Amino acid sequence: MLNVQWTRLSEVFAIVVLGGLVLLFWCGLSLSAVEWDLKGFVDTYHAVRAKAPNDFMSSRTRFRLEVLSTLDEGRASAFVSFNLQHNNILPDKTGFELREAYVEYVSDNWDLRVGRQIIVWGKADGLQITDLISPLDMTEFLARDYDDIRTPVEALKFRLLGEKTNFELVWVPVFKPAALPEGDNPWALTPDTPALTSSPNSQVVTLDPMKPAKKLGNSEFFTRVSFYLSGIDLAFSGFYTWDDFGVSYWNLYSRDGYEILELQQQYHRVGGFGAEFSLPLGQVVLRGESAFYIRKRFESVAENQPLVKRNAIDSLLGLDWYPGNGWTLSGQLVDKIILDHQKTIYNDAHTWLMTLHVSKKLMRETLNLSNMLYLGFNDWDLFNRFMVDYALIDSLHLIVGFDLFLGNSGDFGQYKDNSEFFFKAKYSF
Amino acid sequence: MNRKQNLKKQKLGSLAIVFFFMPIWVFLDTGCSLLDAVESSPNGRDIMLKVDRRPDGTDRKFILEMTLINKRNRKRVRTVLSYSKDYGKDKKTIMYFEKPADVKGTGFLSIEYDEPSKEDDRWLYLPALKKVRRISGSSKNDYFMGTDFTYDDMGDRSVDEDTHQLLREEVVDGYPCWVVESVPKDKSYMYSKKINWIRKDSLIAFIVEFYDQRGTLIKTLTAPVQEKVNGFWTALKMVMDNTSKEHKTLLEMKDVQYDQGIKDSLFRVSTLQRGRVQ
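Heads up: the protein sequence lines correspond to chains Z and X, in order. 54 is the number that my numbering gives to position 54 of the first sequence; each next residue is one higher, with no gaps. 537 is the number that my numbering gives to position 108 of the second sequence; each next residue is one higher, with no gaps.
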């Protein structure tokens with residue numbers, strides 16, 4: 001009886017949001033009490049592979065509109081954000097894309113937001129530790145703005161609001177996995193098979209992913225209590241969710257003289273706790289977060305082996321330094337630990353990662369030079385994005401940059417052939 | 430008879446004493462008054478404390494429009510909506526950036542503590558990241574949104590971070606002013622000194638000259654439009670002329686309102702996270 005189809009839930013959310021907008025519009029006509037606020041941008045982004053064949057890695061142009069309508073002095077509101085996009089490389093991305101659509105009611109001591117929304121938790125920059133609600137869109141890996149890497153979810157977010165304390169509860173009725181590159185996408189990867197034979201009689205078969213059934217029992221829940229105190233921010237969270245990236249399961253068998261290796265991406269439940277802090281100390285801010293996963297599933301090194309369940313801890317420590325004169329420096333160190341590790345687990349017991357971000361504003365903040373480095377210590381691979389952003393006039397930015405991938409394996413090294421030059425123009429209104 | 434003569438002599442004596450000592454008393458009294466007057470004439474620190482503690486209501490709201498003008502007279506406009514409220518001697522401020530469009534929705538919340546040893550609390554909301562991040566309370570020498578005003582110039586600087594000396598009193602454009610020199614105690618500070626012309630009526634700086642470490646005048650601030658709004662003196666227009674870099678910034682305060690009973694709930698991180706006023 002509790003089973004509700006995903007499409008029905010989407011319809012419910014759409015009806016709620018559109019109903020809210022219609023109501024606000026009607027009130028606007030009758031009471032002239034509705035205030036409308038529009039903003040958005042037009043941008044065009046093109047990236048060319050640095051090495052032969054120097055093909056386009058990305059080529060897209062889009063129009064983004066964000067509409068906020070408020071009523072009752074802002075207590076009630078509806079928000080819609082959508083893209084109209086033309087994508088030369090990924091044709092299925094061309095067309096209309098609804099980013100966010102939600103209604104919200106705000107009281108002095110609580111608020112409620114219902115609908116499609118992007119929710120970001122945690123203290124990390126560009127990395128996920130306790131930030132597990134809105135999955136990532138990795139269809140162009142990390143070579144995009146943070147804003148574009150986020151996937152919205154249909155959710156209900158309720159908050160109790162104190163002067164220095166918030167309690168937050170998020171319900172996501174339908175699981176949405178991280179979006180990964182596939183097909184002709186230049187960022188799609190050949191799976192790293194564990195034991196594929198070189199026999200001409202062998203083949204890899206990719207099965208449909210094993211996703212959780214779309215029923216209310218498979219909802220995701222997140223809760224967090226946050227403290228914004230004098231001199232320190234603290235937050236503690238709990239989650240009962242699904243692993244956004246899932247794990248690969250390999251099944252090798254013989255049939256009619258062929259060796260068949262089946263690959264299936266499987267998504268499993270995972271629960272746990274998180275903690276985060278942010279501590280300003282003079283010119284620097286020290287921040288950190290940690291998530292403890294209970295019996296998370298990990299891929300096995302060999303085929304036909306069951307997934308391995310282990311407790312795991314992901315931790316991050318970061319430092320932001322604001323020395324003045326337009327400089328910002330930020331560094332982060334991440335360690336992903338699998339407790340009680342065994343050799344049959346595909347991942348290492350510790351996975352170390354470092355990020356370093358440096359930016360400098362010049363010419364009265366019209367020119368911004370920035371560099372973001374991701375360095376993986378397990379495979380000694382890196383991704384570095386250097387960017388020059390010039391504001392030709394207010395709201396019109398011209399951006400050029402270079403994405404460098406180095407290494408032979410690992411999250412970044414696997415893209416060693418994808419180093420690219422890119423150009424972007426963005427007009428905001 | 431002798432008694433009468435004696436009484437007469439006593440009266441004459443009394444009068445003589447009165448007339449003899451009166452001028453001395455008058456002299457001394459006047460002198461004391463003059464001494465009082467000398468003592469009550471404020472020193473530089475007193476004046477800057479008066480400026481710092483000028484009545485400006487319990488809460489205030491305004492739109493701050495900043496026009497950046499370069500040497501080719503090209504203009505860029507930044508607009509900020511600001512709310513602030515006093516909590517004893519501490520102050521909470523929340524600001525939302527409205528222009529230019531690419532930073533619209535960016536929010537900033539600060540709690541400024543009166544206690545000098547206590548670091549201010551500051552949070553920034555970036556709509557593209559959809560999250561609030563705690564930022565450092567330092568970097569007050571940085572320029573605010575590319576204008577010619579540093580965070581210190583915008584009013585963040587404490588009175589006792591400088592040594593103040595009253596140089597003279599003079600009338601400028603018809604306004605009686607105190608001329609106060611402020612020298613930073615921190616010798617590595619970006620300015621070697623500031624000369625402030627403080628209007629006596631409004632207790633607002635009418636002109637401020639900023640000198641670099643070599644003693645060269647680099648910037649001049651003028652506040653030509655000062656009016657009473659809801660009974661409180663307000664600088665409605667200020668111009669910072671950056672003579673060393675040949676550009677300037679015009680600051681205009683619009684829709685200024687005092688003591689409107691701004692809700693406490695506005696000055697929360699949870700409000701900042703919403704990305705809009707409510």
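Every residue, glycine too, gets a C-beta built ideally from N, C-alpha and C. Since the model is a prediction, treat every value here as computed from it, not as a measurement.
> Is the segment 30 to 50 of chain Z close to the segment 70 to 90 of chain Z, with three or more CB pairs under 8 Å?
Replying inline: yes
> Do Thr-165/Z and Ser-226/Z have their C-beta atoms closer together than 8 Å?
Replying inline: yes
> What is the DSSP secondary structure of Gly-534/X, reduced to helix, strand or coil?
Replying inline: coil
> Using a Cβ-Cβ cut-off of 7 Å (strictly less than) and excluding sequence neighbours within five positions of Phe-661/X, which residues of its own chain qualify?
Replying inline: Pro-484, Asp-485, Gly-486 and Tyr-687
> Name the chain Z residues whose beta carbon is nearer than 8 Å to that of Val-588/X?
Replying inline: Chain Z residues near Val-588/X: none, gap ~21 Å exceeds 8 Å.
> What number of angstroms, rounded off, separates the C-alpha of His-86/Z from the C-alpha of Thr-139/Z?
Replying inline: 15 Å
>> Less than 8 Å between the beta carbons of Val-247/Z and Glu-299/Z, yes or no?
In response: yes
> Which residue or residues does DSSP assign as beta-bridge partners of Trp-380/Z?
Replying inline: Its beta-bridge partners do not exist; DSSP assigns none.
>> Report the CB separation of Thr-678/X from Thr-496/X in whole angstroms; it is logged as a contact under 8 Å.
In response: 7 Å
> Quick one: what's got a C-beta closer than 7 Å to Gly-272/Z's C-beta in the same chain, skipping five residues either side?
Replying inline: Phe-239, Ala-291, Phe-292, Tyr-293 and Ile-294
> Ordered along the chain, which non-local residues of its own chain (more than five positions away) have a Cβ less than 7 Å from that of Gly-704/X?
Replying inline: Gly-534, Gly-536, Tyr-554 and Pro-556
> From which residue to which residue does the alpha helix (DSSP H) around Lys-479/X run?
Replying inline: 473 to 481
>> Less than 8 Å between C-beta atoms, sequence neighbours within five positions excluded: which residues of the same chain meet that for Gly-324/Z?
In response: Gln-283
> So which residues of chain Z does Pro-545/X contact, with C-beta pairs closer than 9 Å?
Replying inline: By Cβ distance, chain Z contributes nothing, its closest Cβ being about 14 Å from Pro-545/X, past 9 Å.
> At a Cβ threshold of 8 Å, is Gly-115/Z touching chain X?
Replying inline: no
> Over what stretch of residues does the alpha helix (DSSP H) that includes Arg-703/X continue unbroken?
Replying inline: 698 to 703
>> With a threshold of 8 Å between beta-carbons, can Lys-360/Z be considered close to chain X, or not?
In response: no
>> Helix, strand or coil, according to DSSP, for Ser-694/X in the structure here?
In response: helix
>> I need the straight-line Cα distance from Arg-150/Z to Gln-707/X, nearest angstrom please.
In response: 25 Å
> Considering only residues of the same chain and omitting the five flanking positions on each side of Asp-417/Z, which have a CB-CB separation below 7 Å?
Replying inline: Lys-51
>> In this structure, how does DSSP classify Asp-684/X when only helix, strand and coil are distinguished?
In response: strand
> Buried or exposed: Asn-88/Z, going by 16 or more other Cβ atoms within 10 Å of its Cβ?
Replying inline: exposed
>> From the DSSP secondary-structure annotation, give me the bridge partner or partners of Met-524/X.
In response: Ser-511/X and Phe-537/X
>> On the CB-based measure, 16 or more other CB atoms within 10 Å of its CB, does Met-210/Z come out buried or exposed?
In response: exposed
> Is Val-506/X closer than 8 Å to Lys-528/X when the C-beta atoms are compared?
Replying inline: yes
>> Ignoring anything shorter than 4 residues, give me the alpha helix (DSSP H) runs that lie fully in the segment 115 to 173 of chain Z, in order along the chain.
In response: 146 to 149
>> Here's the rule I'm using: 16 or more other beta-carbon atoms within 10 Å means buried, otherwise exposed. How should Phe-422/Z be labelled?
In response: buried
>> Tell me the rounded alpha-carbon separation between Leu-362/Z and Ser-370/Z.
In response: 11 Å
>> Taking the alpha carbon of Glu-420/Z as the reference point, which residue from Gly-331/Z, Arg-144/Z and Ala-155/Z has its own alpha carbon closest?
In response: Arg-144/Z
> Do you know offhand how far Lys-514/X's Cα is from Leu-558/X's?
Replying inline: 28 Å
>> Rounded to the nearest angstrom, what separates Asp-550/X and Tyr-322/Z at their Cα positions?
In response: 15 Å
> Mind checking Tyr-253/Z: buried by the 16 CB within 10 Å criterion, or exposed?
Replying inline: exposed
> What residues are listed by DSSP as bridge partners for Gln-332/Z?
Replying inline: Gly-318/Z and Thr-355/Z
>> Tell me which residues of the segment 412 to 429 of chain Z have at least one Cβ-Cβ distance to chain X shorter than 8 Å, keeping chain order.
In response: Lys-426, Ser-428 and Phe-429
>> Strictly under 8 Å for the Cβ-Cβ distance: is Leu-457/X near chain Z by that measure?
In response: Bear in mind that the predicted position of Leu-457/X carries a pLDDT of just 45, short of 50, making it unreliable; the figure below should be weighed with that in mind. Closer than 8 Å: no.
>> Between the alpha carbons of Ala-425/Z and Arg-60/Z, how many angstroms are there, rounded?
In response: 11 Å
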